[in-house]
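> The structure follows.
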Amino acid sequence: MGRKRKKFDTWFQLMILMANEGRCVYCDAAKSEVMDHVIPFAHGGADNWKNLVPACKRCNQEKADRSVLTWIADRVSRGGWYKQISMGSTPHGEQGLEWLNGQIDYVYQNINALLVGAYEEIGDAQRRDWFFDGFWSTGRGSFALSWGRTLAERDIQEAKQAGYPKRPEPPKKRYRIVRDVIGKVLEEIPGDGDQGIS
Ligand SMILES: [Zn+2]
Numbered sequence: 023m024g025r026k027r028k029k030f031d032t033w034f035q036l037m038i039l040m041a042n043e044g045r046c047v048y049c050d051a052a053k054s055e056v057m058d059h060v061i062p063f064a065h066g067g068a069d070n071w072k073n074l075v076p077a078c079k080r081c082n083q084e085k086a087d088r089s090v091l092t093w094i095a096d097r098v099s100r101g102g103w104y105k106q107i108s109m110g111s112t113p114h115g116e117q118g119l120e121w122l123n124g125q126i127d128y129v130y131q132n133i134n135a136l137l138v139g140a141y142e143e144i145g146d147a148q149r150r151d152w153f154f155d156g157f158w159s160t161g162r163g164s165f166a167l168s169w170g171r172t173l174a175e176r177d178i179q180e181a182k183q184a185g186y187p188k189r190p191e192p193p194k195k196r197y198r199i200v201r202d203v204i205g206k207v208l209e210e211i212p213g214d215g216d217q218g219i220s
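Just remember that the working numbering sits 22 ahead of the position in the sequence shown, which is counted from 1.
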C-alpha cells in the first residue's frame, strides 16, 4: 500500500522553490522547477517542508528515488558532475578508488552546504509566514505558481533592499470566510508550513 502524496498549496510550493535564491540545490545552476524529497518519498521520506528542497527537473529526475549520497556516488563514478573538478588523469587500482572517494566526498560536501543553507531558510518560521501571508489566497496550478513566483521574486528583492525582513509579525490566528450548509462561516487558516503533518 503506497502512501498518498499531498497536494501542496501555491504559497507552500513558492516557500520551498524560492529557497537557495530560487535555484536548484543540487546543481545550483538551473532555476528551481520542482520540490525534491531529500529522503526519497518512496523510502518513507516525509512529505513536508522538513524534507523538501528546490530542484530542477533534470536533477530531480536523475536522483529519482535514491538518497543524495547514492546518487552522487553513482554519478561521479560514471565520470560526471556539473561541478567537475579537474585533477588530471584518473588513477587506477587502489589509488583510483581513493581518488574516486575523494571526488564523491568533494561533490557531497558542496551539495551538503547548499542543502544546509536551504534547510535553514525553509526552517525559518517567519519566512514561512511571509509566504503564507502573501500567497495563501493564490490559486493552484502552474499559472498561479509562475505568477506567484514573479511577485515573490520582486517582493524578496524589495524586502532585501529595505533590510529584510521588514514585514510586521503576523497575527497568531487567521480566519477566512468559507461557505457552509448554514451559509458563511469563519474557518481558521493553518499558519504553519506543515500543512497538517500527521
Ligand atoms: Zn539541478
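We put the beta carbon where it would ideally sit given N, CA and C, even for glycine.
1) Less than 7 Å between the CB of ALA181 and some heavy atom of ligand 1, yes or no?
2) Give a yes or no on whether the C-beta atoms belonging to VAL60 and LEU137 are separated by under 8 Å.
3) Can you find the residues in the same chain that come closer than 6 Å, C-beta to C-beta, to ASP31, ignoring five residues on each side of it along the sequence?
4) Would you say the beta carbon of TYR130 is closer than 7 Å to some non-hydrogen atom of ligand 1?
5) Hey, how far is the Cα of TYR48 from the Cα of ILE133?
6) How about SER99 and LEU122: are their beta carbons less than 8 Å apart?
7) Which residues have their C-beta within less than 6 Å of a heavy atom of ligand 1, listed in chain order?
8) Nearest by alpha-carbon distance to ILE144: which of LYS79, LYS29, GLN35, ARG27 is it?
9) Would you kindly check if the distance between the Cβ of ALA147 and the Cβ of MET40 is under 8 Å?
10) Note the first and the last residue of the continuous beta strand (DSSP E) segment covering ALA95.
11) Who pairs with ALA174 in a beta bridge, going by DSSP?
12) Looking only at C-alpha atoms, which of ILE178, GLU116, ARG171, GLY161 sits nearest to LYS29?
13) Would you call the CB atoms of TYR141 and LEU91 closer than 8 Å?
14) Is GLY139 near ASN42, with beta carbons less than 8 Å apart?
15) Do ASP58 and LYS85 come within 8 Å of each other at the CB atom, strictly closer than that value?
16) Can you tell me whether DSSP reads HIS65 as helix, strand or coil?
17) Using 8 Å as the threshold, is the C-beta distance between PHE157 and TRP33 below it?
18) If MET37 sits next to ARG150, beta carbons under 8 Å apart, how far is it from one beta carbon to the other, in whole angstroms?
Reading off the structure:
1) What you label residue 181 is simply residue 159 of the sequence shown in a count that begins at 1. Checking the Cβ of ALA181 against ligand 1 gives no.
2) Within the sequence shown, the letter at position 38 stands for residue 60. Within the sequence shown, the letter at position 115 stands for residue 137. Yes, these two residues count as a Cβ contact at 8 Å.
3) Position 9 of the sequence shown, counted from the start, is the residue given in the question as residue 31. Cβ neighbours of ASP31 beyond the five flanking positions: none.
4) Within the sequence shown, the letter at position 108 stands for residue 130. The answer is no for TYR130.
5) Mapped onto the sequence shown, residue 48 falls at position 26. Mapped onto the sequence shown, residue 133 falls at position 111. The alpha-carbon atoms of TYR48 and ILE133 are separated by roughly 6 Å.
6) On the sequence shown, position 77 is the one that residue 99 refers to. On the sequence shown, position 100 is the one that residue 122 refers to. It is a contact, given that the beta carbons lie within the stated cut-off.
7) CYS46, TYR48, CYS49, ALA52, ALA77, CYS78, ARG80, CYS81
8) Along the sequence shown, read from residue 1 onward, the residue named residue 144 stands at position 122. It is GLN35 whose Cα lies nearest to the Cα of ILE144.
9) One-based indexing of the sequence shown puts residue 40 at position 18. One-based indexing of the sequence shown puts residue 147 at position 125. No, the Cβ-Cβ distance between MET40 and ALA147 is not below 8 Å.
10) Residue 95 sits at position 73 when you count from the first residue of the sequence shown. Run containing ALA95: none in the beta strand (DSSP E); it sits in the alpha helix (DSSP H), 90 to 99.
11) On the sequence shown, position 152 is the one that residue 174 refers to. According to DSSP, ALA174 bridges with nothing at all.
12) Position 7 of the sequence shown, counted from the start, is the residue given in the question as residue 29. Cα-wise, what sits closest to LYS29 is GLY161.
13) In the sequence shown, the residue the question calls residue 141 occupies position 119. In the sequence shown, the residue the question calls residue 91 occupies position 69. Contact: no.
14) As a position in the sequence shown, residue 139 is number 117, starting the count at 1. As a position in the sequence shown, residue 42 is number 20, starting the count at 1. The answer is yes: Cβ separation under 8 Å.
15) Here residue 85 is taken as the residue at index 63 of the sequence shown, counted from 1. Here residue 58 is taken as the residue at index 36 of the sequence shown, counted from 1. For LYS85 and ASP58, yes; Cβs fall inside 8 Å.
16) By one-based count along the sequence shown, residue 65 stands at place 43. In the structure shown, HIS65 sits in a helix (DSSP, three-state: H, G or I).
17) Taking the sequence shown and counting its residues from 1, the one referred to as residue 157 is at position 135. Taking the sequence shown and counting its residues from 1, the one referred to as residue 33 is at position 11. It is a contact, given that the beta carbons lie within the stated cut-off.
18) The residue given as residue 37 occupies position 15 in the sequence shown. The residue given as residue 150 occupies position 128 in the sequence shown. Indeed they touch by this definition, with Cβ atoms about 6 Å apart.
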